[in-house]
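A short write-up of the structure that comes next.
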Amino acid sequence: MSIFDTLSEEVMQSGLPEAEKNRRLSTLLKASSRKVNLMLVGVTGSGKSSTVNAMFDMNVAKVGMGVDPETIGIEKYELGNLTIWDTPGLGDSLEQDKEHVRQIVTKLSETDENGALLIDMVLVVLDASSKDLTVSYDVINNTLIPCLGKDESHRILVALNRSDMAMKGRHWNHEENVPDSILKGYLTKKANSVKERISAATGITIDPVCYCAGYTEDDGEQLAPYNLSKLLYYILMAVPAEKRIVLADKLNEDDRSWYSNDDDMDYNEAVKGSFFGSLWEGVCDGAEKGSLTGGCALGIPGIIVGAFIGGVLGGLHALVVKPLMEL
Numbered sequence: 219m220s221i222f223d224t225l226s227e228e229v230m231q232s233g234l235p236e237a238e239k240n241r242r243l244s245t246l247l248k249a250s251s252r253k254v255n256l257m258l259v260g261v262t263g264s265g266k267s268s269t270v271n272a273m274f275d276m277n278v279a280k281v282g283m284g285v286d287p288e289t290i291g292i293e294k295y296e297l298g299n300l301t302i303w304d305t306p307g308l309g310d311s312l313e314q315d316k317e318h319v320r321q322i323v324t325k326l327s328e329t330d331e332n333g334a335l336l337i338d339m340v341l342v343v344l345d346a347s348s349k350d351l352t353v354s355y356d357v358i359n360n361t362l363i364p365c366l367g368k369d370e371s372h373r374i375l376v377a378l379n380r381s382d383m384a385m386k387g388r389h390w391n392h393e394e395n396v397p398d399s400i401l402k403g404y405l406t407k408k409a410n411s412v413k414e415r416i417s418a419a420t421g422i423t424i425d426p427v428c429y430c431a432g433y434t435e436d437d438g439e440q441l442a443p444y445n446l447s448k449l450l451y452y453i454l455m456a457v458p459a460e461k462r463i464v465l466a467d468k469l470n471e472d473d474r475s476w477y478s479n480d481d482d483m484d485y486n487e488a489v490k491g492s493f494f495g496s497l498w499e500g501v502c503d504g505a506e507k508g509s510l511t512g513g514c515a516l517g518i519p520g521i522i523v524g525a526f527i528g529g530v531l532g533g534l535h536a537l538v539v540k541p542l543m544e545l
């Protein structure tokens, strides 16, 4: 059951006047119809698939290919109202790259039923352990940013995966699942270098995120991701505020995915706050913003903990539905 279904059920069972019930149900219906489309771009082996597998509940995804011959090589994953467009891996050959870039351009120019651009944001996955990022720079600087336009540059996010394998993996603290001080400094320099290369070529400033998607060892053991909450936060910041709540239902329910992050800020709390703001923007249409202070007193800043870590509907009811209904 989705957050929208849970809220709708609670509205129906509430003692609110019929007119107010209908207003809230109508708003919920509108909010639940919103869709989020994410595009993944990266060279072969950069970890695009492992990234979405770590972040989202891909076990329930419907898998297909591009919906038209122009984008037939792009894989489409549907998780309810969230659609992930995984573009073919780049860097295998110049001829293949030309075709893949053409497909990316076609998809980026596609519009939805309302005439708005279909793709909400583009996540470019780089390999932090690679010294040669030429292909990635080329597609970012000469395809993605020109297609998106300078005014839409917030819709692109660059992320450095496989941070644990940078510097040949010698400076990764496996016990704590974090980089040591030497590797952390190296990753900071690498992220700044990527930022500067893109800025010099395009005039656009993008702050890359260093992370590890985690992966499965030969013996089947799943290694925990690092900085996945930080990556999710940056993705949320690129998605329109009223749509962000759509992603809450689709997140990986294994709390190990979200445990390890750097110490820049508390990204788990930042993500919850982003979902909270989206709930007000998208579900309440901002009509009850004056009640926000009272909501904080009721503990609402943790409203999405049930969906974000664990996905338990009981937690959703206690932390999302009940406080909202009391406002």
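Each residue of the sequence shown is one higher than the one before, starting from 219 at the first, in my numbering. Beta carbons: idealized from backbone N, C-alpha and C, even for Gly.
{"Item": "Residue range of the beta strand (DSSP E) that includes A377", "Value": "374-379"}
{"Item": "Under the three-state DSSP convention, the category V343 falls into", "Value": "strand"}
{"Item": "G260 versus L351 - alpha carbon distance", "Value": "10 Å"}
{"Item": "Sub-9 Å separation of D345 and S264 beta-carbons", "Value": "yes"}
{"Item": "Test item: CB-CB of V457 and L449 under 9 Å", "Value": "no"}
{"Item": "Endpoints, the beta strand (DSSP E) within which D304 is located", "Value": "300-304"}
{"Item": "Any non-hydrogen atom of the ligand GTP within 8 Å of E296 CB", "Value": "By its list of ligands, the structure shown contains no ligand whatsoever, and the ligand GTP lies outside what it can speak to."}
{"Item": "C-beta contact flag for L247 and S220 at 9 Å", "Value": "no"}
{"Item": "As assigned by DSSP and simplified to three states, the class of T329", "Value": "strand"}
{"Item": "Beta-carbon contacts of E394 that lie in its chain and below 6 Å, excluding the five residues immediately before and after", "Value": "none"}
{"Item": "Beta-carbon gap between L469 and Y429 smaller than 9 Å", "Value": "no"}
{"Item": "Sequence-distant residues of the same chain with beta carbon closer than 6 Å to P306, five excluded per side", "Value": "G291, H318"}
{"Item": "Any 3 or more C-beta pairs closer than 8 Å across the region 441-448 and the region 470-485", "Value": "yes"}
{"Item": "Length at least 3, wholly inside the region 419-493: the beta strand (DSSP E) runs in chain order", "Value": "none"}
{"Item": "Beta-carbon separation (whole angstroms), I302 vs V342, contact threshold 8 Å", "Value": "Wrong, their Cβ atoms sit about 14 Å apart, outside the cutoff."}
{"Item": "The beta strand (DSSP E) enclosing V270, as first and last residue numbers", "Value": "No beta strand (DSSP E) contains V270, which is instead part of the alpha helix (DSSP H) from 266-273."}
{"Item": "Where E394 falls: helix, strand or coil (DSSP)", "Value": "coil"}
{"Item": "Contact between the region 352-372 and the region 400-409 (3+ Cβ pairs under 8 Å)", "Value": "no"}
{"Item": "Three-way DSSP call (helix, strand, coil) for K349 in this model", "Value": "coil"}
{"Item": "Outcome for N391 when other beta-carbon atoms lying within 10 angstroms are tallied against a minimum of 16", "Value": "exposed"}
{"Item": "N-terminal and C-terminal residue of the beta strand (DSSP E) that K248 is part of", "Value": "No beta strand (DSSP E) holds K248; the alpha helix (DSSP H) holding it covers 236-250."}
{"Item": "The alpha helix (DSSP H) enclosing M230, as first and last residue numbers", "Value": "221-231"}
{"Item": "Beta-carbon proximity list for G432, same chain, < 6 Å, skipping 5 on both sides", "Value": "A272, L441, A442, P443"}
{"Item": "Among S348, I422, G495, the one whose alpha carbon lies nearest that of N360", "Value": "I422"}
{"Item": "Proximity to K386 [Cα-Cα], best of L375, K349, R415, V412", "Value": "K349"}
{"Item": "Extent of the continuous beta strand (DSSP E) run through L256", "Value": "254-260"}
{"Item": "Three-state secondary structure (DSSP) of L336", "Value": "coil"}
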